[in-house]
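S.K.: Before I ask anything, here is the structure I am working with.
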């Protein structure tokens, strides 16, 4: 009875919303199909709400040339690592090996070997959080190149105090590790796809996802490894310390 | 300034007299103070200045303006919102916010505060969804933020307690949990990337951990005045900002996806007192 009574109102509102798609207003939406929702697993329902119930502005263009829908689709690594994080369980060995193998397959080493780029450019990339943001304020890559946003999570230059701590400190990275070919390759692989060594790490796959170019990766590597880089200088003494 | 303070003193007196009826409603600065006394948390204590300025939170004015709007006869139907059922019966505002999102029989949906207000403003007051009263969702001067801040402030100090009696409420919360952990996009981020660590920083900001309810209650205590933006902001605004920073597409306000996420995040703070309105960096 209750349901029938409100039908005309809902029908009216639903009709009105046809003029202004996509609908942004809750009151215009039809009621949730209770039986359909509760019959689904949480994973199925989440995907249904995202892709079938207009949970996101799916047709919006992205900087990389696809649509929002593409950006929301998960690849194998994202899917597996999401489920493990949600379960709260430790990563089991076979899954870790599988994620690591996927990472290994994805990594393209530069032709002609790995060389360090320009640490000054690398510093700009490490500091910049610009790029790939979309929705109400879309980053325009033609105006400013995307950065790596390393400082969001890592300490690098020991004199920079506004650094994140979600990732390990990389202060003195090159000074502590040296610049052997093996270390250059290791560093390149971590930036390209860190899941190779740290399966289901929270670190973005900058090379695999194409958010940093090979040249940018070389510049960031110079910032980490070049003996001249601020990352590899000792902490400046403060007046109090003298 | 003097006049403002006098008006605020009157506001506080009204607030406290109301508090005496619903014994647990508390000024937000007291709720935060007690939380900090009981728990050691770098997140809760990261801005001494914001804590100090809580009694002078501009959001308290926004709440006062929202109270006037709530009882004013407005819209094409010239009705107040006193017949709006926010979950505890028509016109009841005390304690409703900490029990949202919830299932509403009349719409057959789980709804959050914002989508419920849209429903009441369109169905009771007769506003069109395109009217600025309904359509403008952000900024301290918007009707939506004023109304939300008023209604939410009447739950300050009460424990988060979203109902999980209806099967749809549970289904939405569980889907919201999947969304929270769902990594996607060009940076492989999910909400969990930043919000499952304790005392970790992104740049200079200490982030709240969803697994620490005493931190999470402050994290979800919206509306809050954001000092850096000089505006009162909503849960919807926070979620929009998070998806933007995660390099994921824009979530649609009032969609079941957005409400599912809010169902999960509110459930995660269950039992902890709400700080409303809050003040954030």
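Residue numbers (the working numbering), protein chains in the order written: chain A, 24 to 265; chain B, 68 to 348. Ideal Cβ positions, reconstructed from N, Cα and C, are used throughout, including at glycine. Remember, predicted model here, so these are calculated numbers, not experimental data.
Going by alpha carbons, who is nearest to residue 139 (chain B) out of B:158, B:304, B:197?
M.R.: Out of B:158, B:304, B:197, B:158 has the C-alpha closest to the C-alpha of residue 139 (chain B).
S.K.: Can you list the beta strand (DSSP E) stretches of 3 or more residues lying completely in the stretch 172-220 of chain B, in chain order?
M.R.: With a minimum length of 3 residues, the continuous beta strand (DSSP E) runs that stay inside the stretch 172-220 of chain B are 176-178.
S.K.: State the DSSP-derived secondary structure class of residue 170 (chain B), mapped to helix, strand or coil.
M.R.: Correct three-state label for residue 170 (chain B): strand.
S.K.: When DSSP labels each residue in this structure, what does residue 229 (chain A) get in the three-state scheme?
M.R.: DSSP places residue 229 (chain A) in coil when its eight states are reduced to three.
S.K.: Let me see if you follow: with CB-CB separation under 8 Å, is residue 50 (chain A) close to chain B or not?
M.R.: Only weak support exists for where residue 50 (chain A) lies, its pLDDT of 48 falling under 50; the value from the coordinates is given anyway. Closer than 8 Å: yes.
S.K.: Give the interface partners of residue 189 (chain A) over in chain B, defined as CB-CB distance under 9 Å, in chain order.
M.R.: Here the neighbours are 260, 261, 264, 267, 268, 269, 274.
S.K.: With a CB to CB cut of under 6 Å and the five nearest residues on each side skipped, what residues in its chain are close to residue 207 (chain B)?
M.R.: So the qualifying residues of the chain are 129, 298, 299.
S.K.: Please report the residue range of the alpha helix (DSSP H) in which residue 74 (chain A) lies.
M.R.: Residue 74 (chain A) -> alpha helix (DSSP H) spans 65-74.
S.K.: Return the CA-CA distance between residue 195 (chain B) and residue 93 (chain B), expressed in angstroms with no decimal places.
M.R.: Approximately 36 Å between the Cα atoms of the pair.
S.K.: Under the rule that 16 or more other beta-carbon atoms within 10 Å means buried, what is residue 192 (chain B), buried or exposed?
M.R.: Burial call: buried.
S.K.: From residue 168 (chain B) to residue 233 (chain B), what distance separates their C-alpha atoms?
M.R.: Approximately 12 Å, taken between the alpha carbons.
S.K.: Looking at chain B, is there any beta carbon in it that lies within less than 8 Å of the beta carbon of residue 206 (chain A)?
M.R.: Not closer than 8 Å to any Cβ of chain B, the Cβ of residue 206 (chain A) fails to qualify, so no.
S.K.: Closer than 8 Å, CB to CB, is residue 246 (chain B) near chain A or not?
M.R.: It does: the Cβ of residue 246 (chain B) has a partner Cβ on chain A nearer than 8 Å.
S.K.: Mind checking whether residue 224 (chain B) and residue 341 (chain B) have CB atoms under 8 Å apart?
M.R.: Against a cut-off of 8 Å, the Cβ pair of residue 341 (chain B) and residue 224 (chain B) comes out as a contact.
S.K.: Can you tell me which of B:253, B:339, B:347, B:235 puts its alpha carbon nearest to the alpha carbon of residue 277 (chain B)?
M.R.: Nearest of B:253, B:339, B:347, B:235 to residue 277 (chain B), Cα basis: B:339.
S.K.: Select from B:197, B:221, B:141, B:144 the residue whose C-alpha is nearest the C-alpha of residue 180 (chain B).
M.R.: Nearest option by C-alpha distance: B:221.
S.K.: In angstroms, rounded to a whole number, what distance separates the CA positions of residue 155 (chain B) and residue 285 (chain B)?
M.R.: C-alpha separation (whole angstroms): 24 Å.
S.K.: Leaving out five residues on either side along the sequence, give the residues of the same chain with a beta carbon under 6 Å from the beta carbon of residue 164 (chain A).
M.R.: Answer for residue 164 (chain A): 86, listed in chain order.
S.K.: Following the continuous alpha helix (DSSP H) through residue 109 (chain A), name the residue where it begins and the one where it ends.
M.R.: From DSSP, the alpha helix (DSSP H) with residue 109 (chain A) extends over 99-110.
S.K.: Assuming the contact rule is C-beta atoms closer than 8 Å, residue 213 (chain A) and residue 220 (chain A) should be a hit. Round their C-beta distance to whole Å, please.
M.R.: At roughly 6 Å, the Cβ-Cβ gap stays under 8 Å, so residue 213 (chain A) and residue 220 (chain A) are in contact.
S.K.: Could you give the DSSP three-state label for residue 46 (chain A): helix, strand or coil?
M.R.: In this predicted model, residue 46 (chain A) has a pLDDT of only 44, less than 50, meaning its place in the structure is not dependable; the value taken from the coordinates is given anyway. Three-state DSSP puts residue 46 (chain A) in coil, outside helix and strand.
S.K.: Going along the chain, which residues of the stretch 292-316 of chain B sit with their C-beta nearer than 8 Å to a C-beta in chain A?
M.R.: Cβ contacts with chain A: 307, 310, 311, 312, 314, 315, 316.
S.K.: Would DSSP call residue 180 (chain A) helix, strand or coil?
M.R.: It is coil, neither helix nor strand.
S.K.: Nearest-angstrom Cα distance between residue 83 (chain A) and residue 89 (chain A)?
M.R.: Rounded to the nearest angstrom, the two C-alpha atoms are 9 Å apart.
S.K.: Just to confirm, is the Cβ distance from residue 145 (chain A) to residue 204 (chain A) under 8 Å?
M.R.: No, they are not a contact pair.
S.K.: Give the C-beta separation of residue 303 (chain B) and residue 155 (chain A) to the nearest angstrom, bearing in mind that I take them to be a contact with Cβ-Cβ under 8 Å.
M.R.: Residue 303 (chain B) to residue 155 (chain A), Cβ: 22 Å. No contact.
S.K.: By Cβ distance, which residues of its chain are closer than 8 Å to residue 264 (chain B), with the 5 residues on each side in sequence left out?
M.R.: Taken in chain order, the residues that qualify are 274, 276.
S.K.: What's the gap between the Cα of residue 187 (chain B) and the Cα of residue 152 (chain B)?
M.R.: C-alpha separation (whole angstroms): 8 Å.
S.K.: Please look up how many angstroms separate the CB atoms of residue 172 (chain A) and residue 152 (chain A), rounded, as I've assumed it's under 8 Å.
M.R.: Rounded, the Cβ-Cβ distance is 4 Å, consistent with contact.
S.K.: Do residue 197 (chain A) and residue 252 (chain A) count as a contact pair if the criterion is CB distance below 8 Å?
M.R.: Taking 8 Å as the Cβ cut-off, residue 252 (chain A) and residue 197 (chain A) qualify as a contacting pair.
S.K.: Helix, strand or coil for residue 144 (chain A)? Go by DSSP, reduced to three states.
M.R.: Helix.
S.K.: Would you report the Cα separation of residue 107 (chain B) and residue 179 (chain A), rounded to the nearest angstrom?
M.R.: Rounded to whole angstroms, residue 107 (chain B) to residue 179 (chain A) spans 28 Å at the Cα level.
S.K.: Report the start-end ranges of each alpha helix (DSSP H) in the stretch 100-135 of chain B that is 4 residues or longer and not cut off at the edges.
M.R.: Listed in chain order, the complete alpha helix (DSSP H) runs (minimum 4 residues) inside the stretch 100-135 of chain B are 115-119.
S.K.: For residue 157 (chain A) versus residue 207 (chain A), is the C-beta spacing smaller than 8 Å?
M.R.: Contact flag unset, no.
S.K.: CB-CB under 8 Å to residue 237 (chain B), same chain, minus the five flanking residues each way: which ones, in chain order?
M.R.: Answer for residue 237 (chain B): 231, listed in chain order.
S.K.: Less than 8 Å between CB atoms is the rule here; does residue 254 (chain A) satisfy it with respect to chain B?
M.R.: Closer than 8 Å: no.
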